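Here the structure comes first, spelled out in structure tokens, and everything after it is commentary.
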Amino acid sequence: MLDINKIREDFPILKRKVNDRPLVYLDNAATSQTPKQVIEAIVDYYENYNANIHRGVHTLSQEATDKYEQARIKIQKHFNAAKPYEIIFTSGTTHSINLVANGFAALLEDGDEIIVSAMEHHSNIVPWQMLCERTGTILKVIPMNMEGDLMMEEYEKMLSNKTKVVFCNHVSNALGTINPIDEIIKKAHGVGAAVLIDGAQAASHIVADMQALDVDFYTCSAHKICGPTGVGMLYGKEEWLNKLPPYQGGGEMIAEVTFEKTSYADLPHKFEAGTPNICGSIAFGAALDYMHQIGFKNIAEYEADLLAYATSELLKIEGLKIYGTAQRKTSVISFNIEGVHPYDIGTILDKLGIAVRTGHHCAQPIMDFYKIPGTVRASFSFYNTMAEVDTLVEGVQRARNMLL
Ligand code: PMP
């Protein structure tokens, strides 16, 4: 059992007021809040050992390098990657996906095929479309059904020896659906295709095991798991990271530079050009420590209760429809009220101190599928309370009464 009141003490921001009301933060799928343990790690870095890494012989540089590499090992352990150098620090999921798509542009040819799911975030669509423009590769889309589940039989029909890469999110940010990534990976490997799983939305709810999944690439952003913005990771199997060319050129990523020829550094440095987000990477490690101390199993159980309660209470509101009713989902509720624009609901909720997201959630194809302009999305985290769910439900009811 989680002691939610005690946990909430760790998050200074949860004490603040918005529009004279206690903040009810339900936009966790966009970014999570930061506990003081992570804030302290950031302050500690800048107060005590701020220095560039891998370059200096001096003490501060060595301390910063050690902490940065320790963070990599924490991430490696968390995701059960076989080697620490299979973890590449990036600025986040978007950067991670662009790095991989850019690398495949050098490996794919005209007529090759790649497969995406219908419920992706734009960051797992656009980099691949850019690749297609450069290479003549063909993009195919796994359709979804009204419940917000992928149509796996259609996926199977799409696979062939022309398929080179399959990319799909672990959890949909717009609907909360947990996708059957085990099956997606196995089937893709059956035709020799590589698989990238976008774990941005899954990471705060599910611990993904890289070796058990046998996935080729997996991404996440620290800011969705109690860490800071501007940092994330790319997991890549060693053999794939060796095959892909570097994404950016610069300092740190080279073995030797002359004007005639440059050779590249070994993993992970080959993909970490320039001064990385040193402090952010260390804080990413601190965020994982914090989440493990709470316990991912406890988090998943509690969030399932929040989701079940919020779903049943919201559905009592007349005209409210929830999008994405998949059996396996995380604590995201995307909804609309008949005859009301989602933006208007979001604006009224904000006046009541309730933070939700409205719009297409960077997943426009999903909105097109449902033929709606967007949804209101409430997304829950382990520091939310059942009382906050009640406040949300009252707020939505009030918005409905005002707007209809
Ligand atoms: N994929 C999914 C499923 C996401 O939810 C997000 C963030 N909303 C991203 C990718 C992009 O992450 P970032 O903006 O941190 O790069």
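Per my numbering, residue 3 is the first one in the sequence shown, and the count goes up by one each step.
Beta carbons are placed, not taken as given, at the ideal position from N, Cα and C, and that holds for glycine.
All figures in this text were calculated on a predicted structure; none of them were measured in a lab.
| query | result |
| --- | --- |
| N181 Cβ short of 7 Å to the ligand PMP heavy atom set | no |
| Coarse secondary structure for P348, derived from DSSP in three states | This sequence places Gly at residue 348; Pro is not what is there. DSSP places G348 in helix when its eight states are reduced to three. |
| S235 - DSSP class collapsed to helix/strand/coil | Residue identity differs from the one stated: residue 235 is Met in this sequence, not Ser. If DSSP states are grouped into helix, strand and coil, M235 belongs with the strands. |
| Proximity test, H207 beta-carbon vs the ligand PMP heavy atom, cut-off 7 Å | no |
| Run of the alpha helix (DSSP H) containing Y266, from where it starts to where it stops | From DSSP, Y266 is part of no alpha helix (DSSP H) but of the beta strand (DSSP E) over T264 to Y266. |
| Between the CA atoms of G150 and T327 - distance to the nearest angstrom | 6 Å |
| Residue of I368, K239 and T387 minimising C-alpha distance to A120 | I368 |
| Continuous alpha helix (DSSP H) stretch holding R57: start and end | Premise fails: R57 is in no alpha helix (DSSP H) and is neither H nor E. |
| N-terminal and C-terminal residue of the alpha helix (DSSP H) that Y51 is part of | No alpha helix (DSSP H) holds Y51; DSSP gives it neither H nor E. |
| Span of the alpha helix (DSSP H) around G397 | M388 to L405 |
| S383: CB within 7 Å of a non-hydrogen atom of the ligand PMP | no |
| Cβ-Cβ separation, H207 to T349 (assumed contact under 8 Å), whole Å | That belief does not hold up - the Cβ atoms of T349 and H207 are roughly 28 Å apart, past 8 Å. |
| 8 Å Cβ cutoff met for L177 and V378 | no |
| Beta-carbon separation (whole angstroms), I319 vs I296, contact threshold 8 Å | Incorrect: roughly 31 Å between the Cβ atoms, too far for contact. |
| Residue from P278, K38, F91 and S63 whose Cα sits closest to the Cα of D12 | K38 |
| Those runs of the alpha helix (DSSP H) which lie wholly inside the segment 261-312 and span at least 4 residues | 280-296 |
| Spatially closest choice to K8 from Y385, G276, L405 and T393, by CA coordinates | Y385 |
| E258 - containing beta strand (DSSP E), residue span | I256 to V259 |
| Same chain only: Cβ atoms within 8 Å of D112, ignoring 5 sequence neighbours per side | T137, G138 and T139 |
| DSSP-derived helix/strand/coil call for D68 | helix |
| Option in E274, G238, W242 and E241 with minimal Cα separation from E254 | E274 |
| Entirely enclosed alpha helix (DSSP H) segments - the segment 166-193, minimum 4 residues | 183-192 |
| DSSP three-state assignment for S63, whether helix, strand or coil | helix |
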